[in-house]
Amino acid sequence: MVACALFLGALSVSGCTSEPDQEVWLARVGDETITRGAFEKRLRMARRELGDIPVLSREDRAQLHKRLLNELIAESLLVQEARRRGLSVDDRELTSEAVRLRGDLDERAWKRYLLEHYVDERDWERTTRRRLLVERLLAQELARTAPVTEADIDAHYRESFEAVNPGIEVELWQIVVADEQEARALRKELLGGRDFAELAREHSIGPERTKGGRIGYVRAEDLPESFAPAFRLPVGKVSKVIQTEYGYHVFRVTDRRRGHRPDRKSVERMIRETIERERLAQIRQQLIDRLRQEVPIEINDDEWARALDVPR
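Written as structure tokens, this is what we have:
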């Protein structure tokens, strides 16, 4: 067992019951097989991200399932390409990743996060090793492209900052969960004086949970339309429970100010990273498209038809 078991030892009991049909194959991608169990795990993750939304129509469900299967196929293609190039991830890197992911989460919040996202520690190790392999492959591809130039940064700055009216912005925090009753209970705790950041770290499923739920300074136009009530909150107040496509939210605003247009130097690093992310996404898609042409992919049509009937 790798050293990261220090963080994962409490997860040795599986979070679900193994069923024979979970090993039935849905797709074969080169040397790898995508099982029904792997697909259903990805489906559960998607449900958590979507939150408690109305039941999907058969057509929408089919589109969601097709997207998830394509994600699994793309991941398999990239992992196999990374291995073909001799790339690997060792146990020391897994331990470092566990430390990075944990951040300032306490033991309880960290265990909760792992149990919500993985079956057991072997599942975490396998999933993380594959993700790091893909990241290494894409970094190798990015290194082969021309570096971001000052002209690239200038163009991005003009488009993203000079042409935009700063307007009003608020410092926004959120706790988002999948269950309405849990959201109401958390709001009650907040009104009773509980620390917002502490509850966010323990319960929120949002990516900003490691920062205590702090989203940061945002303008109204930066937010989804469903977040509009949050922008109108008075400073220091906690919102009612707000349902969106992402789940059930409790928001807090801690500051309101007139927005400002940052000077180029202060955002240069951010712009460079944004351009690199955009290039990386393009490189990833181009690589997937090429590998789809080169690697044999077979879909189990009968089992796929069954998978489409998995209830939302």
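All the letters of the sequence shown, read from the start, carry residue numbers -11 to 300 under this note's numbering.
Where a beta carbon is used, it is the ideal one built from N, C-alpha and C, also for glycine.
Bear in mind that the values here come from a model prediction, so they are computed numbers and not experimental data.
Secondary-structure assignment with DSSP links V158 through a beta bridge to V206 and R244. Residue range D79 to R90 is occupied by the alpha helix (DSSP H) that includes R80, with no beta strand (DSSP E) assigned at that position. The Cβ atoms of R110 and V77 lie no closer than 7 angstroms to each other. Contact annotation: the region 49 to 68 does not touch the region 259 to 270, with fewer than three C-beta pairs closer than 8 angstroms. In the structure shown, the three-state DSSP call for V164 is strand.
The C-beta separation of V136 from R260 comes to about 5 angstroms, placing the pair in contact by the 8 angstroms criterion. Distance from the Cα of K199 is smallest, within the candidate group A208, Q162 and E168, for Q162. Taking the Cα positions, A86 is about 11 angstroms away from L93. Counting the other Cβ atoms within 10 Å of the Cβ of A171 gives 16 or more, which makes it buried.
Note that the region 275 to 291 does not touch the region 173 to 184; fewer than 3 beta-carbon pairs, one per stretch, sit closer than 8 angstroms. Shown here, V223 sits in coil according to DSSP, grouped into three states, outside any helix or strand.
Linking L102 to T232 through their CA atoms gives a straight-line distance of about 25 angstroms. Counted as a single uninterrupted DSSP element, the stretch harbouring I285 is not any alpha helix (DSSP H) but the beta strand (DSSP E) occupying residues I285 to I287. By the neighbour-count criterion, in which 16 or more other beta carbons inside 10 Å mark a residue as buried, H144 falls on the buried side. Within the model, the alpha-carbon separation for E286 versus V17 is close to 7 angstroms. Taking C-beta atoms as the reference points, G201 and A188 count as a pair closer than 7 angstroms.
Residue pairing of Q231 in beta bridges, as defined by DSSP: Y236. Spanning the alpha carbons of W13 and G204 requires a straight line of approximately 44 angstroms. The beta carbons of A131 and I276 sit about 19 angstroms from each other, so the pair does not count as a contact at 8 angstroms.
Secondary structure at T116: helix, using DSSP grouped into helix, strand and coil. The secondary-structure analysis by DSSP pairs E20 across a beta bridge with V17.
By the C-beta density criterion, H237 is buried, having at least 16 other C-beta atoms within 10 angstroms.
By the neighbour-count definition (other C-beta atoms within 10 Å, threshold 16), R240 is a buried residue. Between R88 and W98, the CB-CB gap reaches or exceeds 7 angstroms.
Between Q10 and R30, the CB-CB gap reaches or exceeds 7 angstroms. Leaving aside the five residues that flank I271 on each side, the residues in its chain whose CB is nearer than 8 angstroms to its CB run, in chain order, L126, E129, L130 and T133. Per DSSP, the continuous alpha helix (DSSP H) segment holding D142 begins and ends at E138 to Y145.
Straight through space, the alpha carbons of L66 and H191 are spaced by roughly 33 angstroms.
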